[in-house]
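In this text, residue positions in the sequence shown follow full-length UniProt numbering: the first is 1, and each later residue adds one.
To start, the structure under review is shown below, and the notes come after it.
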Amino acid sequence: MLGGSLGSRLLRGVGGTRGPFGAWGVREAGAAMAVGESMAQRMVWVDLEMTGLDIEKDQIIEMACLITDSDLNILAEGPNLIIKQPDELLDSMSDWCKEHHGKSGLTKAVKESTVTLQQAEYEFLSFVRQQTPPGLCPLAGNSVHADKKFLDKYMPQFMKHLHYRIIDVSTVKELCRRWYPEEYEFAPKKAASHRALDDISESIRELQFYRNNIFKKKTDEKKRKIIENGENEKTVS
């Protein structure tokens, strides 16, 4: 169980303020050098399951978190928590949520959970503070802008620890679908389990695919053209 005073001290203890040009303003570069470049390049992968998408009435019911390095290697697996919510809220979910959360077993697990939202924030904040420097590492995930809205409202101290930017795999997906449709056809398909940890793992695998099959390929082609152009110039001269 979470001790109230300890949890409050930890939540209050996240120092610093966000400037208009970054989580720590002009101190970002110096902070990155102080903690080491590789640690500052880590990504905080998060996925939420909610009772719906209405930020005013819906709530978080499941959250998972993984840390990767800049090459998408998983460095640490964080908490994977199911958060208690009142039965009335679960009963008022949309038909889509009732069907999918019921089928996955999440609705039943939420009813049986004893983890509060405050306890969950404490656990996740403790984890990211151990794994990442304050204000430097971005939130990552698939359509993670939607998760961010709920985290900003319901877990503000957790979000204060992260960089203000996000890495949204869905943006990369949509660009690759338009620019490289042939390669995009081979992107890994999602199982759509609608469970937080499964969804994070799928998001990481998807971004690994784009990096290995599109980003790297195009970079190699560009290097080859530069080399060829350089050799042609030498021949002409």
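We put the beta carbon where it would ideally sit given N, CA and C, even for glycine.
As the structure is a computational prediction, the values presented were derived from the model and not from experiment.
Check the DSSP bridge columns for residue i and list the partner residues they point to.
i: P139; result: Note on identity: in this sequence residue 139 is Leu, with Pro being the wrong assignment. L139 pairs with V44 and I166.
In this structure, how does DSSP classify residue i when only helix, strand and coil are distinguished?
i: G78; result: strand
i: A64; result: strand
i: E49; result: strand
i: S201; result: helix
i: S94; result: coil
i: K108; result: helix
i: I227; result: helix
i: N73; result: coil
i: T132; result: coil
i: D152; result: helix
i: Q119; result: helix
i: D147; result: helix
i: Q85; result: coil
i: K222; result: helix
How would you write the range of the alpha helix (DSSP H) that residue i sits in, first residue to last?
i: E159; result: In the sequence as displayed, the identity of residue 159 is Met instead of Glu. Looking at the DSSP string, the run of the alpha helix (DSSP H) that includes M159 is P156 to K160.
i: T114; result: That residue, T114, is in no alpha helix (DSSP H); it is neither H nor E in DSSP.
i: A191; result: Element bounds for A191: n/a, residue is neither H nor E.
i: Y184; result: P181 to Y184
So, residue i versus residue j, is the Cβ gap smaller than 8 Å?
i: T116; j: L89; result: no
i: I55; j: Q85; result: no
i: P138; j: M39; result: no
i: residue 238; j: E202; result: Examination of residue 238 is not possible in this model, given that the chain is present from 1 through 237 alone.
i: E121; j: V169; result: no
i: V110; j: H161; result: no
i: E183; j: I204; result: no
Count the CB pairs spanning the region 135-150 and the region 46-60 that are closer than 8 Å, and state whether there are at least three. yes
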